[in-house]
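First residue of the sequence shown: 1, per UniProt numbering; consecutive thereafter.
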Amino acid sequence: MFLDKIWGKKTEQTVENLPLSTRSLCPECRETIEAQLVEENGQVLMYKTCPEHGEFREIISADRDFFMKMRRTHYERPAGLDRPQTKVEQGCPHDCGICPSHRSFPSMVNIDLTNRCNLNCPICFANSNAMGRVYELDWEQINHVIDSVAALGPHPVICVQFAGGEPTIHPHFLDAVRLAKSREFAQVQAASNGVLFAGNYGFAEKAAEAGLDVVYLQFDGMSDDIYRDTRGRPMFETKMQAIDNLGRAGIRVALVPTIVKGFNDHQVGDILRFAVRNPEVVTAISWQPVSFTGRIDESRRQEMRFTTADLARELQEQTGLLDMHRDWYPFSIVSPLSRFLEAVTGEKKAHTNCHPHCGCVTYLVVDKQTGQAVPFPAFLDVEALAASLNKKAGRLEHYPWLKNALSLQFKGELKKHFRRENAPEGWDHETLMQFVDSLIHLGEGHKVDKKVQKEAIQGRRFEIIMSAAMHFQDLYNYELDRVQYCAVHYADPEGRLYPFCTWNSGPCHRYRVEEMYARALNKNRQAETETAAS
1 MFLDKIWGKK
11 TEQTVENLPL
21 STRSLCPECR
31 ETIEAQLVEE
41 NGQVLMYKTC
51 PEHGEFREII
61 SADRDFFMKM
71 RRTHYERPAG
81 LDRPQTKVEQ
91 GCPHDCGICP
101 SHRSFPSMVN
111 IDLTNRCNLN
121 CPICFANSNA
131 MGRVYELDWE
141 QINHVIDSVA
151 ALGPHPVICV
161 QFAGGEPTIH
171 PHFLDAVRLA
181 KSREFAQVQA
191 ASNGVLFAGN
201 YGFAEKAAEA
211 GLDVVYLQFD
221 GMSDDIYRDT
231 RGRPMFETKM
241 QAIDNLGRAG
251 IRVALVPTIV
261 KGFNDHQVGD
271 ILRFAVRNPE
281 VVTAISWQPV
291 SFTGRIDESR
301 RQEMRFTTAD
311 LARELQEQTG
321 LLDMHRDWYP
331 FSIVSPLSRF
341 LEAVTGEKKA
351 HTNCHPHCGC
361 VTYLVVDKQT
371 GQAVPFPAFL
381 DVEALAASLN
391 KKAGRLEHYP
401 WLKNALSLQF
411 KGELKKHFRR
421 ENAPEGWDHE
431 TLMQFVDSLI
441 HLGEGHKVDK
451 KVQKEAIQGR
461 RFEIIMSAAM
471 HFQDLYNYEL
481 DRVQYCAVHY
491 ADPEGRLYPF
501 CTWNSGPCHR
511 YRVEEMYARA
521 LNKNRQAETE
531 TAAS
């Protein structure tokens with residue numbers, strides 16, 4: 001078998017060389033099997049063999065150097081829950097809820113309010129029409145889940161996101177937002193198709209008053225031919241109206257494009273340019289390379305598979321705004337800052353500790369006066385700064401009496417690695433410090449008044465746009481290491497947590513939980529929902 005030729009010694013996650021050993025799942029029987037990540041023709045591929053169902057081959061990254069940079073600049077700082085919720089019995093990924101094997105604290109917790117929806121998309125497999133049952137939390141369950149998430153330790157969860165289905169059609173949606181805001185999460189979001197926000201500005205205003213910070217907006221592309229295929233109807237103008245209404249109400253928007261090679265990958269540049277033209281409303285783009293469901297043969301997968309390296313290359317070629325190999329880093333690149341602040345203050349800080357294979361991120365500074373957009377790594381030596389802060393944090397952890405001296409060096413470190421000549425015009429060291437200060441005080445976002453925030457946004461010259469790619473897994477590219485470091489979780493009605501890639505793929509705990517709590521689909525109620533949206 002071909003695996004015999006490439007099988008190498010088991011390696012630790014932090015080792016930089018390929019091949020790498022990991023564990024995966026058989027796409028047919030979902031049994032845990034060994035897998036190898038190897039380099040072939042400048043790409044990174046996964047090879048795995050199931051004793052019963054044979055051999056499988058899948059592309060993990062379209063660019064070996066891009067893949068290895070994510071590993072090289074990853075800062076691992078394992079930190080699970082204070083109190084794991086289940087025991088290890090069957091082993092990962094079957095013991096979720098969540099077990100002691102998990103090594104990351106959630107940065108975001110999703111709460112599915114309902115699986116009902118006001119669209120009936122041909123590509124959707126999770127709504128009530130497709131499933132034939134309704135999963136919907138009642139008010140008591142919503143209270144319990146939010147309280148459970150708020151009680152997690154060792155530090156607060158940064159973000160709670162209401163999802164579905166379409167969460168905005170839940171009868172208690174606004175109450176749920178209000179309740180989450182009262183629990184002092186830094187950010188309260190809703191993953192939405194935008195239909196209600198587009199059709200009713202008053203609803204957007206009410207959501208803002210309730211405390212909704214960000215709408216995580218389903219955004220497949222910049223033309224209706226895309227939406228006709230994905231959503232069964234033209235929706236581009238609906239998206240534009242939703243963004244306009246949300247911006248007027250003081251709610252920021254994160255665009256969420258699911259990217260499929262050969263389908264909408266030619267529009268990633270247009271999506272980024274649209275964000276840059278609208279920085280007062282669009283605060284982020286959350287790129288999601290396609291994750292496959294069901295059985296798809298290898299040739300078809302290769303035609304459609306789109307990795308984070310593909311995204312970085314396409315954005316570079318289509319816009320010239322981003323450099324594929326300079327500007328992207330793993331999410332954990334900010335962990336040294338958290339570690340340094342933790343050592344200085346003695347307070348627990350959030351660490352973005354997800355696996356380096358999960359995704360990548362960069363930030364752009366947008367000058368609203370000129371329209372110029374410049375990525376941070378163009379004028380800040382991110383890698384050197386992270387290494388320096390990590391080293392200083394280690395010294396502080398061993399020699400706390402150095403706290404005063406080293407904390408005073410923080411501004412100096414920023415200045416040392418700042419390249420003023422490459423920064424946007426008008427962007428200086430003090431502006432950089434203000435941005436870093438906003439990161440430091442991220443957990444205080446619940447205290448910001450919407451009206452004050454909107455006025456502040458309108459009055460400032462520069463905005464920051466986060467461009468992040470999260471490649472959620474499917475059965476073909478599944479890595480158990482990634483699952484154990486997942487920082488994006490789902491909470492069930494009992495408050496138990498599930499990593500994104502065990503809730504929606506792999507063992508798909510979503511189906512088991514929904515079946516436990518669901519009721520039969522009421523066709524009349526579903527018809528009313530769809531009629532109201534049309």
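Virtual Cβ for every residue (Gly too), placed ideally from N, Cα, C.
| request: Identify, in the order they occur along the chain, each residue of the same chain with its Cβ nearer than 6 Å to the Cβ of D474, setting aside the five sequence neighbours on each side. | output: Excluding residues up to 5 positions away in sequence, S291, F292, S505 lie with their Cβ nearer than 6 Å to the Cβ of D474 in the same chain.
| said: For a test of the three-state rule: what should DSSP assign to M108, helix, strand or coil? | reply: Strand, per DSSP.
| Contact the region 199-208 vs the region 140-148: 3+ CB pairs below 8 Å | By the Cβ test, the region 199-208 is not in contact with the region 140-148, since fewer than three Cβ pairs between them sit closer than 8 Å.
| field | Per-residue DSSP class, three states only, for S291 | value | Coil at S291, not helix or strand.
| request: Would you check if there are 3 or more beta carbon pairs closer than 8 Å linking the region 300-309 to the region 56-70? | output: As far as the Cβ criterion goes, the region 300-309 touches the region 56-70, which means the pair count is three or higher.
| task | Using the Cα positions of K10 and H489, report the straight-line distance between them to the nearest angstrom. | result | With a pLDDT of 28 at K10, under the threshold of 50, the modelled position of that residue is not reliable, and the figure given next carries that caveat. Looking at the two C-alpha atoms, the distance is approximately 28 Å.
| said: For G8, which residues in the same chain have their Cβ closer than 6 Å to its Cβ, ignoring the five residues on either side in sequence? | reply: Unreliable positioning characterises G8 in this predicted model, as indicated by a pLDDT of 30, which lies under 50. The coordinate reading is nonetheless provided below. The answer, listed in chain order, is P19.
| field | Reduced DSSP category for Q189 - H, G, I as helix; E, B as strand; rest coil | value | Three-state DSSP puts Q189 in a strand.
| request: To the nearest angstrom, report how far apart V38 and F56 are at their CA atoms. | output: So the alpha carbons of these two residues sit roughly 13 Å apart.
| request: At 4 residues or longer, and completely inside the region 245-330: list those alpha helix (DSSP H) runs for me, N to C. | output: List check, alpha helix (DSSP H) in window: 268-277, 298-304, 308-319.
| query | When burial is assigned at 16 or more other CB atoms within 10 Å of the CB, is K415 buried or exposed? | reply | With fewer than 16 other Cβ atoms within 10 Å, it is exposed.
| said: Would R326 and L389 qualify as a contact pair, given that the criterion is a beta-carbon distance under 9 Å? | reply: The answer is no: Cβ separation not under 9 Å.
| task | Count the other CB atoms, across all protein chains shown, that sit within 10 Å of the CB of A384; report buried if there are 16 or more and exposed otherwise. | result | It counts as exposed.
| field | Cβ of W503 within 9 Å of any chain D Cβ | value | In the structure shown, chain D cannot be found, because there is only a single protein chain.
| E479 in three-state terms, based on DSSP | Shown here, E479 sits in coil according to DSSP, grouped into three states, outside any helix or strand.
| request: Could you tell me whether the region 280-290 touches the region 245-263, using the rule of 3 or more Cβ pairs below 8 Å? | output: At 8 Å Cβ cutoff, the stretches touch.
| request: Let me know the secondary structure DSSP gives P19 once reduced to three states. | output: In the displayed model, P19 falls within coil according to three-state DSSP, outside both helix and strand.
| said: Do V195 and T168 have their beta-carbon atoms positioned less than 9 Å apart in this structure? | reply: Yes; because the gap between Cβ atoms is below 9 Å, this pair is in contact.
| message | Among the candidates N477, N115, P400, D244, whose CA atom is the shortest distance from the CA of E205? | response | Of the listed residues, the one whose Cα sits closest to E205 is D244.
| query | Looking only at C-alpha atoms, which of F274, E136, A208 sits nearest to residue 556? | reply | In the structure as shown, the chain begins at 1 and stops at 534. Residue 556 is therefore absent and cannot be evaluated.
| query | By a C-beta neighbour count over all protein chains shown, 10 Å radius and 16 as the cutoff for buried, is V214 buried or exposed? | reply | Buried.
| query | Measuring CA to CA, which of V361, S223, R183, D175 is closest to E209? | reply | Answer by Cα proximity: D175.
| message | Excluding the 5 residues flanking V15 on each side, which residues of the same chain have their C-beta closer than 7 Å to its C-beta? | response | The predicted model places V15 with a pLDDT of 49, which falls under 50 and marks its position as unreliable, so this point remains unresolved.
| Nearest to Q161 by CA position, among P336, L81, F500, L439, is which residue? | The option with the nearest alpha carbon to Q161 is F500.
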